[in-house]
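S.K.:
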Amino acid sequence: MSAVPKNSKPLAQIRRWSPIIQPPTTTQLNNSDKVFFKPTELRWSASQLEQIPPVKKTQLPEVLFLGRSNVGKSSLINALLNRMRNPISRTSNKPGHTKILNAFAVGGISRLNRPAELLLVDAPGYGFKSRGEWGEMVLKYMTERPQFRRAFLLVNGQHGPKEIDYMFAKVLGDNGIPFQVVLTKCDKKCGPEALQKRLDEAQKLVEESGASGYEEIIATSTLEKGMPGVSNLRWSILNACGLKQEKVSLKKVLASFEGAKEKFQEKTDAMEFVTKEEDLEAWEEKKFAEREALEKVIEAGKAAKKEREAAAAAGLQETVGEDRIVAKAMAAKRKRDEASAAVMEEAVSKEEVSPEREVREAVLDESSGENSSPEPTVRTGGRRRPVDVDNRRRTRGLHTIEHRVSRATSTISKRLYKGERRSIDIQNTPMSDRYSFSLTTFSPSGKLGQIDHALAAVNAGVTSLGIKATNGIVIATEKKTTSPLIESQTLEKITRITPDIGIVYSGMGPDFRILVDKARKQAHQYKNIYGEYPPTRMLVQDIASTMQGATQSGGVRPFGVSLLVAGHDENQGPALYQIDPSGSYFPWKATAIGKGSTSAKTFLEKRYTENLEIEDAIYMALMTLKEGFEGEMTEETVEVGVVRDDAGLNGEGLTIVGWEGKKGPKWNKLSKEEVRDYLDQI
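So the sequence shown is residues 1 to 682, counted in the UniProt record's numbering.
1) Less than 9 Å between the C-beta atoms of V155 and R68, yes or no?
2) Report the residue from Q180, V206, L64, Q158 whose alpha carbon sits nearest the alpha carbon of K140.
3) The alpha helix (DSSP H) with W235 in it runs from where to where?
4) So W44 and A103 are in contact, right, with Cβ under 8 Å, and what is the actual spacing, rounded?
5) Just how far apart, CA to CA, sit L576 and G466?
6) My output table needs one value for N82: the three-state DSSP class, helix, strand or coil.
7) Please classify D500: does DSSP put it in a helix, a strand, or coil?
8) In chain order, which beta strand (DSSP E) runs of at least 3 residues are fully inside the stretch 444-502?
9) Measuring alpha carbon to alpha carbon, tell me which residue in T477, N232, M227, K333 is nearest E627.
10) Can you find at least 3 beta carbon pairs, one from the stretch 439-454 and one from the stretch 537-553, that sit closer than 8 Å?
11) Taking only the alpha-carbon atoms, compute the straight-line gap between T143 and Y214 and give it to the nearest angstrom.
12) Within 10 angstroms of the Cβ of H568, are there 16 or more other Cβ atoms? Answer buried if so, exposed if not.
13) Over the uninterrupted beta strand (DSSP E) stretch that includes H524, give me the two end residues.
14) Pull up the DSSP beta-bridge partners for T598, would you.
15) Please list, in chain order, all residues of the same chain as A523 whose beta carbon is under 7 Å from its beta carbon, the five residues on each side excluded.
16) Report the residue ranges of all beta strand (DSSP E) runs contained in full by the stretch 141-171; include only those spanning at least 3 residues, in chain order.
17) Three or more C-beta pairs closer than 8 Å, one from the stretch 500-519 and one from the stretch 621-637: is that the case here?
18) Does the separation of the CB atoms of A220 and V181 fall below 9 Å?
19) Do L76 and L612 count as a contact pair if the criterion is CB distance below 9 Å?
20) For residue 684 and E610, what's the separation of their Cα atoms in angstroms?
21) Given V675, which residues of its chain have a CB within under 7 Å of its CB, disregarding the five upstream and five downstream residues?
22) Helix, strand or coil for W588? Go by DSSP, reduced to three states.
23) According to the Cβ coordinates, are L118 and I237 closer than 9 Å?
24) Return the CA-CA distance between L670 and A79, expressed in angstroms with no decimal places.
25) Ignore the nearest five residues each way along the sequence and tell me which others in I494's own chain have a CB closer than 7 Å to its CB.
26) Tell me the rounded alpha-carbon separation between G72 and I529.
27) Pick helix, strand or coil for T184, following the three-state DSSP scheme.
28) Under DSSP, the beta strand (DSSP E) around L118 begins and ends at which residues?
29) Helix, strand or coil for S45, going by three-state DSSP, please let me know.
30) Where Y585 and F37 are concerned, what is the direct C-alpha to C-alpha distance, given to the nearest angstrom?
31) Going by C-alpha distance, which of T40, A151, L60, L233 is nearest L29?
32) Since A202 is in the alpha helix (DSSP H), which residue starts that stretch and which ends it?
33) Work out the CA separation of P53 and F168 for me, nearest whole Å.
34) Considering only DSSP beta bridges, list what residue 684 is partnered with.
35) Do you know how far the Cα of M623 is from the Cα of G507?
36) For T598, which residues from the same chain have a beta carbon less than 8 Å from its beta carbon, with the 5 sequence-adjacent residues on both sides left out?
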């Protein structure tokens, strides 16, 4: 950075300083949001100071955004201008992407007869080796531009201010340039203690820079719900430009004054009658009578309530008593029926005496007993004649036997029917509730039982997840061993298929190795024919076809794994796919598989945004795993793989001899040291 040019004017002559203000109120914050929610446009861009429009054409106050490369300036500007879904400031996966000064008009568009209120200028990031030449232009702009009001120095809230930040703040202080520190990326993963530490470091940066820095530090986040801190930053920008955040209508002020005046007059009129002593006594008697009447009404209501409760309790007890009597009678009847049924079933099962024979013998014994009636006679022609008693008894006994046998047979048939019905219910049990070894037979509910068992194996595996960012893909998984004696270095849950594609699994490890070998063979066959490795979607289709073929043949079983495939295509950009044991596959923005997939997906649904960058995606992946992680999460128990540009790999992307792949982002697995650095920031 160079000093102020000799021919420049003193800052006191060219800059209008903003007054010291109190913390903003909720109304001020809401009005500030309304200003920034208005349409915005890119007013001008300049690669040199001479290209900036002169003062005569633009009389709007200007503020400048400064910060290191990849500190999150573009994301914060999009959040300030309410352009998260349709970004006005483009992001990039390469540091130092911004090469020029870009001025955005805030508060309206002049060509639509809605003049803007200020200009927000985005400066190139400092600290990147190829961007050093822009530092002199930026410093010259801040010292010579009459409309310039304040610089907002952006610092990464996850890592804190670096040495280059202290150096740049010192330059601002030495030149008397007013600036305010803004912490970016202050998400939940920072934690209260870490956030307080970053605030203290930022305060130290302001103190060491000189007297031109503002003590108020603003912590912001573009990922959290509601984007905390963004409204405060909007208010600070408007205050720096000397603009009003509250516009109160004169009519509303007069109306509120008249309303207050009327209420005061009503209270005054109500108290006029107590000015005399006799009026005061009458007023006291009136209030006492009103209080007595109110107490009587309350007591009457309480008494009526008690009566209703007592009546309800009495009716409930009576109802409960009747219900108990009925319940006892039904229980006794049920016991008698069960005892009779048990006796009959025991007799039938042992086949000692048939029911027909038992009934017939009982009837015959009764008819031939000692207490039988005397010999009957019949009167014919004036005298009695004996009747054929044996024949009459036989006839009557046979009718009785037939009736009793019919009733016994009916009872036995009913019991046999109940047993048969129970056996039928067992036979009609749904296939999904019974274990099935058949692979190619559908159940009545339309499912293949063995595929459900394969999905159960996946759900019993460790948690794995993938997140799609704007400039890459992140996949991560837990890496646990069953014994501390196992060499953990030999276990690999995330691996490379091609230089551009990586894969992770949940489920059975041997099945995963078979699929990896097949996928690599298919990729090399494609390269031998077409001279390049297959696109991500085509390789996913080949793997899914292999897994689906295992569901249509006898003597085999489905693969007990689900896969997450991460890659990058020249046309489609970053791509993340999930493949299930059935052979079905889907593209995802963020997903999880394994034991903790349910909680992980819930966490991702709350935190994921489409403008997520690769660094933030790595932090989010580790935080998601930590939500359901059992034990301590270290670099030994976690694996992380990324698909990003070669500039982010430091030359480690092409570790296999002869693998060149396509131009653009490459696949790489983070080292233990890199994982440990990310874990320390959570």
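Glycine included, each C-beta is placed from N, C-alpha and C at the ideal position.
Computed from a predicted structure; not experimentally measured.
M.R.: With the structure as the only source:
1) yes
2) The shortest C-alpha separation from K140 is found at L64.
3) 230-240
4) 5 Å
5) 7 Å
6) Here N82 sits in coil by DSSP.
7) Residue state for D500 is assigned as coil, using DSSP reduced to three classes.
8) 464-469, 472-478, 494-498
9) T477
10) yes
11) 18 Å
12) buried
13) H524 -> not in any beta strand (DSSP E); alpha helix (DSSP H) instead, spanning 509-530.
14) In DSSP, T598 forms no bridge with anything.
15) I497, T498, Y533, P534, L539
16) 148-156
17) Taking 8 Å as the limit for Cβ pairs, the verdict is that the stretch 621-637 does not touch the stretch 500-519.
18) Looking at the sequence provided, one finds Thr at residue 220 rather than Ala. No. Outside cutoff.
19) Result no, Cβ atoms of L612 and L76 do not sit closer than 9 Å.
20) Past the boundaries of the shown model lies residue 684; the chain is included only from 1 to 682, so the question cannot be answered.
21) Once the five neighbours on either side are set aside, the close Cβ partners of V675 are E635, V638, V640.
22) coil
23) yes
24) 30 Å
25) I475, T477, G502, V504, E639, G641, K669
26) 43 Å
27) strand
28) Counting along the chain, the beta strand (DSSP E) containing L118 begins and ends at 118-122.
29) strand
30) 40 Å
31) Selected option, being the one with the closest Cα: L233.
32) 191-209
33) Approximately 26 Å, taken between the alpha carbons.
34) Since the first residue shown for the chain is 1 and the last is 682, residue 684 is missing from the structure and cannot be characterised.
35) 22 Å
36) none
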